[in-house]
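Structure first, commentary second.
4 protein chains.
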Amino acid sequence: MIEIHRAAVRLFARQGYAGTGIRDLGREAGINSATLYHYAGGKEEILVAVMAGCLEGMLDGGRRALDHSADPAVQLVRLVRLHVAMEAVNPLTAYVTDREVRALSAANRGSVLALRDDYESMFQQVLERGRRTGQFQIDDLSTTRMALLEMCNGVSNWYRPGGRLSVPEVQDRFADLATRLVGCPPVPPAECGTDLRVAVLDSEPLDRHADEEALA
Amino acid sequence: MIEIHRAAVRLFARQGYAGTGIRDLGREAGINSATLYHYAGGKEEILVAVMAGCLEGMLDGGRRALDHSADPAVQLVRLVRLHVAMEAVNPLTAYVTDREVRALSAANRGSVLALRDDYESMFQQVLERGRRTGQFQIDDLSTTRMALLEMCNGVSNWYRPGGRLSVPEVQDRFADLATRLVGCPPVPPAECGTDLRVAVLDSEPLDRHADEEALA
Amino acid sequence: MIEIHRAAVRLFARQGYAGTGIRDLGREAGINSATLYHYAGGKEEILVAVMAGCLEGMLDGGRRALDHSADPAVQLVRLVRLHVAMEAVNPLTAYVTDREVRALSAANRGSVLALRDDYESMFQQVLERGRRTGQFQIDDLSTTRMALLEMCNGVSNWYRPGGRLSVPEVQDRFADLATRLVGCPPVPPAECGTDLRVAVLDSEPLDRHADEEALA
Amino acid sequence: MIEIHRAAVRLFARQGYAGTGIRDLGREAGINSATLYHYAGGKEEILVAVMAGCLEGMLDGGRRALDHSADPAVQLVRLVRLHVAMEAVNPLTAYVTDREVRALSAANRGSVLALRDDYESMFQQVLERGRRTGQFQIDDLSTTRMALLEMCNGVSNWYRPGGRLSVPEVQDRFADLATRLVGCPPVPPAECGTDLRVAVLDSEPLDRHADEEALA
DNA sequence: GATGAATGAGTCTTCATTCAT
DNA sequence: TATGAATGAAGACTCATTCAT
């Protein structure tokens with residue numbers, strides 16, 4: 000049930016997975032904690048479903064970004080725009096997906112990490128090709144990739160829908176920052192996907208009242 | 000006792016604060032869990048001590064960085080070099096300090112956040128002055144500050160002492176990335192503090208056997 | 000659940016509140032200690048419920064005793080007969096109610112003491128009026144009230160249902176002792192409420208096997 | 000060490016034996032809890048010593064009271080005057096002695112109860128002889144004895160040195176109440192021991208600041 | 001004589017989970 | 001479909017006691 004996932008994301012973001020009880024989840028979702036098992040199958044199953052949904056959304060978006068053009072600069076900007084939009088539109092889901100991997104049991108952690116590695120390898124490949132073509136001025140490829148990803152992941156730490164900046168504004172800023180980071184000129188708007196949009200995930204809580212200070 | 004703090008940081012980084020029991024802490028430190036109370040006074044006290052030690056170390060370093068020169072570019076690079084060194088030399092302590100704030104009770108959270116805000120305002124001020132002097136090309140100041148800090152904080156996610164890169168090498172890379180981010184030319188080595196070093200914190204675990212996969 | 004309260008009264012009377020563990024309570028009630036929380040909500044909640052039930056029973060009885068007649072001598076004897084019956088019929092509950100007030104946390108202690116003060120003020124008022132009318136020969140009112148109440152409270156220390164004396168016999172004795180104490184002639188049976196009876200409280204243990212030596 | 004016993008009585012009266020930790024005792028006495036073992040030998044040993052001291056004091060006084068005269072009325076009044084004085088002069092010690100018997104382990108409980116039974120049998124014998132001589136009008140001897148003792152024991156619940164009444168005043172009141180209870184005329188002052196005094200026990204705390212509300 | 005260090009067993013309470021209804 | 005009841009294990013923390021110093 001969608002409402003369960005939303006309640007879970009809200010609480011996991013606020014208190015952490017380990018710090019959230021199954022009764023908290025039930026109360027937040029408005030159901031009995033035993034009913035929660037009926038629908039969602041258990042605490043870890045909820046977390047896995049949330050993470051899988053988020054990572055698959057990012058993978059889908061990433062593949063579409065790469066398909067659009069063969070130019071590494073265009074690809075990078077489109078990847079970043081999509082990633083940032085995902086974080087900005089679904090900050091709580093993205094936050095939980097990024098930070099609670101360690102809470103998973105070994106088996107689930109493996110499959111989630113596989114998805115994450117798939118996703119991150121897209122960035123790696125684009126950076127490699129951009130350096131090979133001479134478009135990117137990158138000193139250490141791995142360091143740059145990590146820095147870029149951390150910078151983008153961080154959006155879920157501070158951005159909230161309805162805040163000072165619109166999602167496209169955030170995308171513009173980060174597209175600019177990303178090209179600076181790799182040392183290539185800005186990509187003209189025509190090609191960089193200013194129209195790229197991202198859907199609200201099922202697991203993303205809608206109510207903006209209760210969790211404004213979720214991440215302090 | 001220092002060994003307790005080290006054990007705590009090791010486990011908090013691996014399993015999270017809420018996911019770590021005080022019996023786990025005792026076992027990791029090689030003492031009875033009751034003895035732990037004798038020395039450290041409780042689970043949250045340990046976390047607070049670790050965080051305060053880390054943040055005060057960063058504040059001290061940051062103040063020294065700013066004192067050295069009035070040039071924003073120099074200040075920025077020195078701030079980044081120190082911050083990155085702190086994260087690279089004490090990755091587990093920095094990681095825990097960054098991510099477990101929500102686990103604190105209200106009173107402790109307040110004082111820890113005060114320290115963190117003090118620290119982050121140094122970056123804010125340097126960026127502001129650099130933009131005012133025209134040395135930095137910054138679109139949105141707040142976004143840039145967050146991106147910069149997230150990028151630097153991320154070092155503790157992937158760097159480990161003894162890894163492929165030395166700490167000075169990481170500092171060099173991030174100094175370069177930071178100047179790119181703010182749109183200013185590289186700062187000549189003579190002024191940017193290539194000699195800046197950072198001490199190993201008391202709370203940073205030394206043993207590299209047990210936590211290789213700590214953050215997966 | 001009533002059985003939990005009964006088990007609690009049995010053990011609190013035998014070992015004291017602080018000397019009784021929640022596992023003891025569970026074992027005595029025949030349930031898991033976690034189940035006890037499901038029903039009773041915690042150790043102190045149990046004690047508060049027991050005390051409130053007892054004191055409210057005494058207050059109700061006391062009010063009825065005063066309503067029956069305006070004659071202080073009649074009122075006194077009826078108060079004493081009811082009080083003594085309550086102690087004799089529910090000795091363990093009354094014993095715990097009287098002696099474990101200090102175990103309560105501040106908030107609960109306040110409300111319990113308020114009930115007790117209400118009850119004791121009934122005695123005070125009757126004694127005052129009896130002295131004013133000249134029916135009672137009382138030297139020091141406060142001392143007499145304390146002595147009278149302690150004497151009556153003490154019944155729960157030594158009386159047990161099914162013992163040598165029946166409850167009405169104990170009532171007769173104490174009615175006599177009370178009139179002696181205040182220096183007034185015996186009240187004729189017709190008016191003094193020889194028919195006053197008291198109900199067994201929900202919290203009073205029924206089983207007379209396990210707690211014969213409860214109060215030694 | 001006397002100071003340890005005093006601290007213990009203060010805390011046992013306020014929080015109960017089971018509710019008082021050995022570290023509390025140390026803190027109250029101003030010494031380390033390990034030192035306490037050196038002098039006093041353990042928690043229960045302290046309680047036993049306090050109780051024994053109190054009961055032996057009462058036994059001594061009781062024997063002297065009986066030796067003075069063969070008249071049951073005189074004996075009763077002298078017993079009561081001494082008992083009440085003991086409770087009034089040493090209220091905390093008497094309170095603890097009366098109420099913490101159940102906290103003792105079997106062996107110690109036996110010997111303490113033996114002392115208490117010895118003491119109470121004095122009252123029993125006096126009452127018996129008074130009834131035999133026709134001086135006392137007693138219905139049920141056992142009930143009267145319990146009522147009398149409870150009434151006198153209760154003094155430690157509400158009397159505090161330095162309060163509204165002096166000790167001799169309390170003695171006067173209770174001597175009067177006791178004769179009323181047994182139905183004999185007042186005993187002339189000349190014979191009833193208006194000069195009977197009682198010593199402050201070693202275990203009785205002196206400081207009246209901290210424990211005014213000890214027994215609420 | 002006095003204490004800090006140390007601990008196993010205990011404290012109350014909450015946990016995730018199952019199951020009969 | 002949905003839940004109250006139930007529990008063993010675990011949560012953080014305190015206990016009375018011993019012992020080397």
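Protein chains in written order, with numbering that gives the first Met the number 0: chain F, 0 to 215; chain C, 0 to 215; chain V, 0 to 215; chain A, 0 to 215.
For glycine and all other residues, C-beta sits at the position ideal for the given N, C-alpha and C.
Owing to the predicted nature of the structure, the values given are computational and were not obtained by experimental measurement.
Does the Cβ of residue i have 16 or more other Cβ atoms within 10 Å, making it buried, or fewer, making it exposed?
i                : result
Ala267 (chain V) : Within the shown structure, residues of chain V are numbered from 0 to 215, placing residue 267 (chain V) beyond reach of any answer.
Arg9 (chain C)   : buried
Asn31 (chain C)  : exposed
Leu205 (chain A) : exposed
Asp171 (chain F) : buried
Asp194 (chain A) : exposed
Ala64 (chain F)  : buried
Val166 (chain V) : buried
Gly20 (chain C)  : exposed
Glu44 (chain A)  : exposed
His37 (chain C)  : exposed
Arg196 (chain C) : exposed
Thr132 (chain V) : exposed
Could you give the distance in angstroms between the alpha-carbon of residue i and the alpha-carbon of residue j?
i                : j                : result
Gly182 (chain F) : Gln134 (chain F) : 8 Å
Gly192 (chain V) : Cys53 (chain V)  : 21 Å
Asp117 (chain V) : Leu58 (chain V)  : 8 Å
Ala106 (chain V) : Ala48 (chain V)  : 14 Å
Tyr16 (chain A)  : Gly40 (chain C)  : 26 Å
Arg22 (chain F)  : Met150 (chain F) : 35 Å
Leu164 (chain V) : Arg62 (chain V)  : 27 Å
Leu147 (chain V) : Ala33 (chain F)  : 55 Å
Met85 (chain C)  : Leu114 (chain C) : 16 Å
Arg159 (chain A) : Ala28 (chain F)  : 57 Å
Pro187 (chain C) : Asp175 (chain C) : 11 Å
Leu126 (chain C) : Glu190 (chain F) : 31 Å
Ile1 (chain A)   : Ser68 (chain V)  : 55 Å
Ser104 (chain V) : Gly109 (chain C) : 28 Å
Gly18 (chain C)  : Gly162 (chain V) : 57 Å
Ala6 (chain A)   : Leu200 (chain C) : 44 Å
Ser141 (chain F) : Arg26 (chain C)  : 36 Å
Gln124 (chain A) : Leu112 (chain V) : 38 Å
Arg98 (chain C)  : Arg130 (chain F) : 34 Å
Thr143 (chain V) : Val73 (chain V)  : 17 Å
Asn156 (chain F) : Ile3 (chain V)   : 49 Å
Val60 (chain F)  : Leu81 (chain F)  : The question names Val, but residue 60 (chain F) in the sequence shown is Gly. For Gly60 (chain F) and Leu81 (chain F), the distance between alpha carbons rounds to 7 Å.
Leu78 (chain A)  : Lys42 (chain V)  : 42 Å
Pro184 (chain C) : Ile137 (chain F) : 15 Å
Ser120 (chain V) : Arg128 (chain V) : 12 Å
Ala12 (chain V)  : Asp66 (chain V)  : 33 Å
Val88 (chain A)  : Gly56 (chain V)  : 35 Å
Between residue i and the ligand NAD, is there a pair consisting of the residue's CB and a ligand heavy atom that are separated by less than 7 Å?
i               : result
Ile30 (chain F) : Although the ligand NAD was asked about, the structure shown includes no ligands whatsoever.
- Task: Write down every uninterrupted run of the alpha helix (DSSP H) in the region 4-88 of chain C whose length is 4 residues or greater and which is fully enclosed by it, in chain order.
- Result: The qualifying runs are 21-28, 32-39, 42-67 and 71-88.
Discussion item. Beta carbons nearer than 9 Å to chain V: which residues of the region 145-166 of chain A have them?
Written reply: Of all residues in the region 145-166 of chain A, Met145, Ala146, Leu147, Leu148, Glu149, Met150, Cys151, Asn152, Gly153, Val154, Asn156, Trp157, Tyr158, Arg163 and Leu164 have a Cβ within less than 9 Å of some Cβ in chain V.
Interface residues of the region 181-208 of chain V facing chain A [CB-CB below 9 Å] = Going along the region 181-208 of chain V in chain order, one finds Val181 and Gly182 with a Cβ nearer than 9 Å to chain A.
Worksheet item: For the region 122-171 of chain A, which segments carrying the beta strand (DSSP E) assignment without a break, of at least 3 residues, lie completely within its bounds, in sequence order?
Response: Fully contained in the region 122-171 of chain A is no beta strand (DSSP E) run of length 3 or more.
Quiz item: Taking a cut of 8 Å between CB atoms, which residues from the region 96-123 of chain A lie near chain V?
Solution: Identification of residues in the region 96-123 of chain A having a C-beta nearer than 8 Å to some C-beta of chain V yields Arg98, Val100, Arg101, Ala102, Arg108 and Leu112, given in sequence order.
Item checked: Where the region 41-64 of chain F meets chain C: residues whose CB sits under 9 Å from a CB there -> Across the region 41-64 of chain F, no CB contact with chain C closer than 9 Å is found for any residue.
Positions along the region 60-91 of chain F whose CB lies within less than 8 Å of some CB in chain C:
Cβ proximity to chain C below 8 Å picks out nothing from the region 60-91 of chain F.
Could you list the residues in the region 18-44 of chain C with a C-beta less than 7 Å from some C-beta on chain F, going in chain order?
Within the region 18-44 of chain C, the qualifying residues are Gly18.
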